[in-house]
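Quick note on the working numbering: the sequence shown kicks off at 1078 and runs consecutively.
Just so it is clear, CB atoms sit at the ideal spot from N, CA and C, and this is done for glycine as well.
These figures come from a predicted structure and were not determined experimentally.
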Amino acid sequence: MKKPDILSILMTFIFGAIAGFYLYMTVYAPFSATLDTPDSEQLSEFIIEGRIYGSCSPNCPSFQVLGNGSYRYLFTFEPGQDQVLRQGTLSIKYQSGLRKALTTESLARQSKIIESAKCNSSDDGVDVSYEITIKGTKYKLDSCGTAVAGDSKLWLTLYELWDFFKTLGNN
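In structure tokens form, the structure reads like this:
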């Protein structure tokens, strides 16, 4: 090998190392820094558990949404069939909508226990209950027994979540 060949190989190696270092620092390192796995403490800061009860028993659907947007939805296609579990992650749209609607003020107001005159679940209908945890505080909402406002942003957002899960179940 001649001196210019060795110099050419050496320069190629040096430029390759510089380019590799640059790509590592600008692409891979920032990306891998955002891949933090949330611990159980972070996930328990925001939990929504919803279930329907009443005439659909024992096959009523239920769901759980964690703080990172992951969900589990348990349902049956028809009465008498085995239950099906669907898992996934809510879109950013649903996650931000939930966080905006689930304020501590509205949760505290609508989780107050009231004397319910008549519940849908007592007449072959269904009622819905939620257990919502935000920053360690648990709120229990029930369409039969708490002061929920059916036209509130909170209740309508939770209803949209059920619609999302119902359309998901048919896929």
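Every unbroken alpha helix (DSSP H) within the region 1128-1210, with a cutoff of 4 residues, ordered by chain:
Runs found: 1169-1178 and 1181-1187.
Can you tell me whether V1104 is buried or exposed, with buried defined as 16 or more other CB within 10 angstroms of its CB?
It is exposed - the Cβ of V1104 has fewer than 16 other Cβ atoms within 10 Å.
Pull up the distance between the alpha-carbon of W1239 and that of G1097, whole angstroms please.
If you take the alpha carbons of W1239 and G1097, they lie about 48 Å apart.
Assuming S1147 and T1166 form a contact by the criterion Cβ under 8 Å, report the distance between their Cβ atoms to the nearest whole angstrom.
Right, their Cβ atoms sit about 5 Å apart.
Quick check on DSSP: helix, strand or coil for D1082?
The three-state secondary structure of D1082, taken from DSSP, is helix.
Measuring alpha carbon to alpha carbon, tell me which of L1162, D1200 and K1177 ends up nearest I1169.
For the residues L1162, D1200 and K1177, the minimum Cα distance to I1169 belongs to K1177.
Could you tell me whether the region 1187-1207 touches the region 1217-1229, using the rule of 3 or more Cβ pairs below 8 Å?
When C-beta atoms of the region 1187-1207 are compared with those of the region 1217-1229, three or more pairs fall below 8 Å, so the two segments count as touching.
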